[in-house]
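Notes follow the structure.
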């Protein structure tokens with residue numbers, strides 16, 4: 010939770026395979042739960058798996074470009090874990106048919122800021138650069154959602 014409040018960074022997490030696996034499984038499950046509100050269960054599972062793979066691939070690519078592959082486990086654990094926390098906060102809004110747009114915007118800004126905060130630490134860049142990278146992830150995620158469910162999301 011401290012990372013979601015910008016009080017800690019990915020370097021504060023354990024660099025263990027078990028933490029990474031648990032956070033990725035929870036992230037995938039959260040993505041499926043959020044997606045099943047707008048599409049069939051099968052489509053939601055496909056989207057959840059694709060979303061997780063996209064997160065992992067983009068994180069891996071960014072770390073390789075910056076020549077920091079040793080940070081993959083902690084960075085991906087942080088991104089997936091915070092994605093779960095923010096996703097659980099977003100779930101009630103997703104379930105409401107006409108959720109207040111301001112609340113949806115706040116959740117989105119919070120998510121972009123947290124991802125930017127994590128990437129700032131992982132990539133040794135400024136917060137604005139981290140947020141810019143988080144916007145790239147958001148765009149990739151939206152493109153993926155559009156490809157997998159053109160009439161849905």
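Residue numbers (this note's numbering): 10 to 162.
By construction, the Cβ of each residue, glycine as well, lies at the ideal position given by its N, Cα and C atoms.
Leaving out five residues on either side along the sequence, give the residues of the same chain with a beta carbon under 7 angstroms from the beta carbon of residue i.
| i | result |
| --- | --- |
| residue 65 | 85 |
| residue 78 | 72 |
| residue 53 | 41, 44, 45 |
| residue 10 | 94 |
| residue 55 | 157 |
| residue 163 | With the chain covering only 10 through 162, there is no way to say anything about residue 163. |
With a cut-off of 8 angstroms on the beta carbons, I'd call residue i and residue j a contact; round off their distance for me.
| i | j | result |
| --- | --- | --- |
| residue 82 | residue 29 | 5 angstroms |
| residue 121 | residue 147 | 6 angstroms |
| residue 63 | residue 154 | Actually they do not touch by this definition, with Cβ atoms about 10 angstroms apart. |
Within the same chain, show all residues whose beta-carbon is closer than 6 angstroms to that of residue i, passing over the 5 residues directly before and after it, in chain order.
| i | result |
| --- | --- |
| residue 92 | 36 |
| residue 80 | 72, 131 |
| residue 15 | 126 |
| residue 19 | 83, 84, 87, 127, 130, 131 |
| residue 49 | none |
| residue 17 | 11 |
| residue 51 | none |
| residue 39 | 93, 96 |
Pick from the options: whose alpha carbon is nearest that of residue i?
| i | options | result |
| --- | --- | --- |
| residue 74 | 27, 25, 54, 142 | 142 |
| residue 94 | 76, 32, 105 | 32 |
| residue 12 | 134, 152, 124 | 124 |
| residue 106 | 47, 114, 115, 70 | 47 |
| residue 145 | 70, 17, 24 | 70 |
| residue 134 | 116, 110, 76, 108 | 76 |
Quick one: using the 10 Å Cβ neighbour count with 16 as the cut-off for buried, is residue i buried or exposed?
| i | result |
| --- | --- |
| residue 118 | exposed |
| residue 152 | exposed |
| residue 57 | buried |
| residue 156 | exposed |
| residue 60 | buried |
| residue 25 | exposed |
| residue 114 | exposed |
Excluding the 5 residues preceding and the 5 following residue i in the sequence, name in chain order all residues of the same chain whose CB lies nearer than 8 angstroms to its CB.
| i | result |
| --- | --- |
| residue 104 | 46 |
Would you check if the segment 118-128 and the segment 87-96 touch, i.e. whether three or more CB-CB distances between them fall below 8 angstroms?
yes
Contact between the segment 99-114 and the segment 138-149 is defined here as three or more beta-carbon pairs at a separation below 8 angstroms; is this criterion met?
no
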